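A.B. asks: Order-wise, the sequence lines are chains U and S. Going by my numbering, the letters in the first sequence line up with residues 51 to 343, in that order. Going by my numbering, the letters in the second sequence line up with residues 1044 to 1466, in that order. Handing you this structure, nothing more for now.
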Amino acid sequence: MTRQERTAWTFTAPVLAIIAFVLILPTLLALALSVTDYSVYALADWANLRFIGLGNFTTLLTTPLFWRALGNTALFSVVGVPMAIGASLLAALLLNDATVRWKPLWRVALFAPYVTSVVATATVWQFLLNTRYGLLNYGLSLVGIGPVDWLGDPRASIPAILIFVTWKIFGYNMIVFTAALSAVPQDLMEAARLDGASRLGRFRHVTLPAIGPTLLLAAVMSVAGFLQLFAEPYVMTQGGPAQSTVTVLYFMFDEGFKWWNLGQASAVALILFVLILAVTLVQARIGRRYEWL
Amino acid sequence: MGQAASPPDQGLTRRGLLAGSAALLASACAPRRNPAALRLWAMSYEGDYSPHLMPPFTRATGIDVEVQSLPWTASHEKLLTAFAGDAMPDVMMLPAGWVGEFAMVGAIAPVCDPALVTGLFPGLTEATRYGGRDHAVPWSVAPQAQFYRRDLLAAAGYDGPPLDWAGWRHMGRELKRRRPGEWVFLMPLNWWDALFTFAGQAGAKLLRDRNTRGDFASPEFAAALDFYASLYADRLAPPMLSTELQDPFAAFAQGAFAIYPRSPAMLLDLRRRAAEIAPDRWGVARMPGPRGPAPAGGISATLAVAATSPRAHEAWTLVRYMTGVGAELEFQRLIGSLPARQSAWAAPQMQAPVLRPFRSQMTELVTEPNVIEWERIRIEVQLVAERLVRGDLTSAQAMATMNTRADAILAKRRALVDAGRIA
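Right under this line is the structure:
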């Protein structure tokens, strides 16, 4: 090992040690837990712990609520990611326009929800979504749509939470996109305009390729975020009504921390990990095809 | 943060800033609480108002107490996590149904003095016994009673609610007929109290085979479930969760509901928010039973001492004080909770008419299954009942699903009972 290498290792050692201790070790322990029936009985007496191999996974696959949680999570991600990224991109494009005034003010106002506490904003949204007195239903009634029982109807609860989550998080990606948009080469834009490209054409052939990598990054982060959705349903509906907003992470939290079935919960964590990894690999592959990586 | 500032003659130097930030970090890490104080965790109103009980105790014994209030919805996981993480408080409030679980994992110590658990309402110590020993001291009892709107009932020709199921539902229909836009019964679909009160009154056993299997298809439970579901089917109670109601008390005070089945904690709300509903506009009665009032369950709150508490003696002194007649009566005045100690009921304040329904229910309590899975089973059963109310399941399907879910939750217990490892 050269002196330089030694120095490099010395500098990275603390970080590597921390990663090993707080990331790799717990992951391995969780992996070990997922093949046991660790429950509150094992907390009382280790002799009650049994090795059950893939038992937790087979139980999970026959638990209807787990499938339901998977379905709910998939629905949240499939609808939520395009919704959130679309809203971010739209806001960023609007803010990027030269004619918009008071840009810093808009930026702050739209970014504020992201940095406000989930519990506080969820409480406000519970009032906005109230069936009888809520602002949202008032607005809908003006255009002749009957009152929607947002948080009480199992069919409306997921859209209600999606609206809230989108409003809450789109500010972050909006800032990222604003940065990316400012790097779009202006001379190319000028040239396209002179060649007679339409607004849509300029967006499609100049802007989009320039912000492609950023778009991919935002997509990867959003997918990972939506697959791990927890706090919003936890605060707003506690998984209800009729367990229509139970997500995979919510299911895991209930199993693991509420009822202390850590074996089962670790199995859920592992499945979630594999899912996120798989989706990210697919996204990376798509990104490479468009030469965004 | 006086020590964080650098001496004035030096001005703002880099060294001063570094030292300052180090001092700031050190002071931020130092525990803010008084290390000598006993730590007490309690839920909800008990937690909020316990600090009011402490000054006389501290004066008499010299022991400082630090109270932390926990929300009901997060307290089970918080206590178990505290035990797993070796961060238990010295004294904690536990609903009687959790005592067996925390005793089994070794989190709480057996009651050291038998005098603490004598003179209580009968049946209360059954739930707090584990392995033949008492593990917590019953503190208060909270059976359900129905709070009703005198004015709304009078308009429909009722002095008070009928106390049998058929009459109760009939009254509900009468009220609904007069005010079709409002509701009658305030029973959110995620609260299990109403269903389990009905089940208790119908005499349902809930679990069978030495508490290793669900017994939710019994005729008694079927009767309770059908009655419960019929209140929603008749549109007397709204198919809503408590998260949607936001402020159930305000809804009751504004007349959106005529009947609000609740624990004695309601008495505190009624006093604090008397401006919203005048005292002559509400009354309280026992919950209806199949053919008149019958025994039902009620949550009883207990106090337990952590097995790991380094100051067990002081901790038991605190439990003795808090479950004593004086403190229980003081708490009754403050938050409406009902003393578990019988001798407290001789006091003049306990003769108030609003307490009578609670008192008569307290002499007729049924004990719920004393297994650690019970809390979860109850929540699962309520979730299935919610799906029945929403029309996803028929009554027969619902009861079968309840049994399936209960059996799955009890699988581990069944294996341990069969192996003879637990009773």
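Glycine included, C-beta positions come from ideal geometry on N, C-alpha and C. Computed from a prediction, not measured in an experiment: that's the story for all the values here.
Note down, in chain order, each residue of its chain lying with its Cβ closer than 8 Å to the Cβ of I1452 of chain S, except the 5 sequence neighbours on either side.
C.D. replies: Mapped onto the second sequence, residue 1452 of chain S falls at position 409. Contacts found: E1416, R1419, I1420, E1423.
A.B. asks: Straight-line CA distance for L265 of chain U to A281 of chain U?
C.D. replies: Locating residue 265 of chain U in the first sequence gives position 215, where the first residue counts as 1. Locating residue 281 of chain U in the first sequence gives position 231, where the first residue counts as 1. Between L265 of chain U and A281 of chain U, the C-alpha separation is close to 25 Å.
A.B. asks: Evaluate the contact criterion for the stretch 1264-1280 of chain S versus the stretch 1428-1441 of chain S: three or more CB pairs, one atom per stretch, below 8 Å.
C.D. replies: The answer is yes - the stretch 1428-1441 of chain S touches the stretch 1264-1280 of chain S, with three or more Cβ pairs under 8 Å.
A.B. asks: Can you tell me whether DSSP reads Q1111 of chain S as helix, strand or coil?
C.D. replies: As a first step, residue 1111 of chain S must be located in the second sequence, where it is residue number 68. Residue state, collapsed to three classes: strand.
A.B. asks: Along the chain, where does the alpha helix (DSSP H) containing Y222 of chain U start, and where does it finish?
C.D. replies: The sequence position of residue 222 of chain U within the first sequence is 172, counting from 1. Segment 207-232, the alpha helix (DSSP H) holding Y222 of chain U.
A.B. asks: By a C-beta neighbour count over all protein chains shown, 10 Å radius and 16 as the cutoff for buried, is W117 of chain U buried or exposed?
C.D. replies: Within the first sequence, the letter at position 67 stands for residue 117 of chain U. Classification of W117 of chain U: exposed, given that the 10 Å Cβ count is below 16.
A.B. asks: With a threshold of 8 Å (Cβ to nearest heavy atom), would A148 of chain U be considered close to the ligand ATP?
C.D. replies: In terms of ligand content, the structure shown is empty, and the ligand ATP therefore cannot be addressed.
A.B. asks: Could you confirm whether any beta carbon from chain S is found closer than 9 Å to the beta carbon of P204 of chain U?
C.D. replies: On the first sequence, residue 204 of chain U is found 154 positions in, with the first residue counted as 1. For P204 of chain U, the answer is yes, since a Cβ of chain S falls inside 9 Å of its Cβ.
A.B. asks: So what's Y1303 of chain S in DSSP terms, helix, strand or just coil?
C.D. replies: Looking up residue 1303 of chain S in the second sequence gives position 260. Strand at Y1303 of chain S.
A.B. asks: W309 of chain U touches chain S at which residues, Cβ-Cβ below 8 Å?
C.D. replies: Counting from 1 along the first sequence, the entry for residue 309 of chain U is found at position 259. The answer, in chain order, is R1419.
A.B. asks: Could you pull out every residue in the same chain whose Cβ sits closer than 6 Å to the Cβ of P1181 of chain S, ignoring the five residues on either side in sequence?
C.D. replies: Residue mapping note: residue 1181 of chain S aligns to position 138 of the second sequence, counting from 1. Closer than 6 Å at Cβ, skipping near neighbours: L1163, L1167, S1343, T1345, A1383.
A.B. asks: Answer yes or no: does any C-beta atom of chain S fall closer than 9 Å to that of Y300 of chain U?
C.D. replies: As a working mapping, residue 300 of chain U is identified with position 250 in the first sequence. Answer no: the Cβ-Cβ gap between Y300 of chain U and chain S never drops below 9 Å.
A.B. asks: What does the Cβ neighbour count give for N1077 of chain S, buried or exposed, with the cut at 16 atoms within 10 Å?
C.D. replies: By 1-based counting over the second sequence, the position of residue 1077 of chain S is 34. The residue in question, N1077 of chain S, is exposed, as its Cβ has fewer than 16 Cβ neighbours within 10 Å.
A.B. asks: Apart from the five residues on each side of it in sequence, which residues of its chain come closer than 7 Å, Cβ to Cβ, to L1096 of chain S?
C.D. replies: Here residue 1096 of chain S refers to the residue found at position 53 when the second sequence is read from its first residue. Counting only Cβ-Cβ distances below 7 Å, and skipping sequence neighbours, we find M1365, A1370, E1373, F1374.
A.B. asks: Under 9 Å, Cβ to Cβ, is there at least one residue of chain S near M239 of chain U?
C.D. replies: To locate residue 239 of chain U, count along the first sequence from 1; it is residue 189. No, its Cβ sits nowhere closer than 9 Å to a Cβ of chain S.
A.B. asks: Specify, as a first and last residue, the run of the beta strand (DSSP E) that V285 of chain U falls within.
C.D. replies: Sequence index remark: in the first sequence, residue 285 of chain U carries index 235 (1-based). From DSSP, V285 of chain U is part of no beta strand (DSSP E) but of the alpha helix (DSSP H) over 281-286.
A.B. asks: Answer with buried or exposed for Q1053 of chain S, where buried requires no fewer than 16 other C-beta atoms within 10 angstroms of its C-beta.
C.D. replies: If you number the second sequence from 1, residue 1053 of chain S lands on position 10. The pLDDT assigned to Q1053 of chain S is 41, lower than 50, so where the model puts this residue is not dependable; a value taken from the coordinates is nonetheless given after this. Exposed is the call here.
A.B. asks: Sort out for me which residues DSSP pairs R1215 of chain S with in a bridge.
C.D. replies: Counted from its first residue, the second sequence places residue 1215 of chain S at position 172. The sequence shown places Gly at residue 1215 of chain S, not Arg. Beta-bridge pairing links G1215 of chain S to no other residue.
A.B. asks: Under a CB-based cut-off of 9 Å, is V256 of chain U close to chain S?
C.D. replies: For the purposes of this step, residue 256 of chain U is taken as residue 206 along the first sequence, with counting starting at 1. Answer no: the Cβ-Cβ gap between V256 of chain U and chain S never drops below 9 Å.
A.B. asks: Alpha carbon to alpha carbon, how far is A334 of chain U from R1305 of chain S? Give it in angstroms, no decimals.
C.D. replies: The residue given as residue 1305 of chain S occupies position 262 in the second sequence. The residue given as residue 334 of chain U occupies position 284 in the first sequence. Approximately 55 Å, taken between the alpha carbons.
A.B. asks: For Y91 of chain U versus R1456 of chain S, is the C-beta distance shorter than 9 Å?
C.D. replies: Walking along the first sequence from the start, residue 91 of chain U turns up at place 41. Walking along the second sequence from the start, residue 1456 of chain S turns up at place 413. Contact: yes.
A.B. asks: What's the C-alpha gap between A1199 of chain S and G1215 of chain S?
C.D. replies: Position 156 of the second sequence, counted from the start, is the residue given in the question as residue 1199 of chain S. Position 172 of the second sequence, counted from the start, is the residue given in the question as residue 1215 of chain S. When rounded, the distance between both Cα atoms is 10 Å.
A.B. asks: What three-state label does DSSP hand I1320 of chain S in the structure shown?
C.D. replies: Indexing the second sequence from 1 puts residue 1320 of chain S at position 277. In the structure shown, I1320 of chain S sits in coil (DSSP, three-state: anything other than H, G, I, E or B).
A.B. asks: Between the stretch 251-285 of chain U and chain S, which residues of the former have CB atoms less than 7 Å from a CB of the latter, in chain order?
C.D. replies: Listed in sequence order: no entries.
A.B. asks: Alpha carbon to alpha carbon, how far is V1110 of chain S from L140 of chain U? Give it in angstroms, no decimals.
C.D. replies: Here residue 140 of chain U is taken as the residue at index 90 of the first sequence, counted from 1. Here residue 1110 of chain S is taken as the residue at index 67 of the second sequence, counted from 1. When rounded, the distance between both Cα atoms is 50 Å.
A.B. asks: From G1105 of chain S to L1311 of chain S, what does the alpha carbon distance come to, in whole angstroms?
C.D. replies: Locating residue 1105 of chain S in the second sequence gives position 62, counting from the first residue. Locating residue 1311 of chain S in the second sequence gives position 268, counting from the first residue. Distance between the alpha carbons of G1105 of chain S and L1311 of chain S is about 30 Å.
A.B. asks: Taking the C-alpha atoms as reference points, what is the distance between T57 of chain U and A67 of chain U?
C.D. replies: Translated into positions along the first sequence, residue 57 of chain U becomes position 7. Translated into positions along the first sequence, residue 67 of chain U becomes position 17. For T57 of chain U and A67 of chain U, the distance between alpha carbons rounds to 16 Å.
A.B. asks: T228 of chain U versus chain S: which residues are under 7 Å apart at the beta carbon?
C.D. replies: Your numbering for residue 228 of chain U matches position 178 in the first sequence. The contacting residues do not exist; T228 of chain U stays about 33 Å from chain S at best.
A.B. asks: Given Q1392 of chain S, which residues of its chain have a CB within under 8 Å of its CB, disregarding the five upstream and five downstream residues?
C.D. replies: Residue 1392 of chain S sits at position 349 when you count from the first residue of the second sequence. So the qualifying residues of the chain are L1372, Q1375, R1376.
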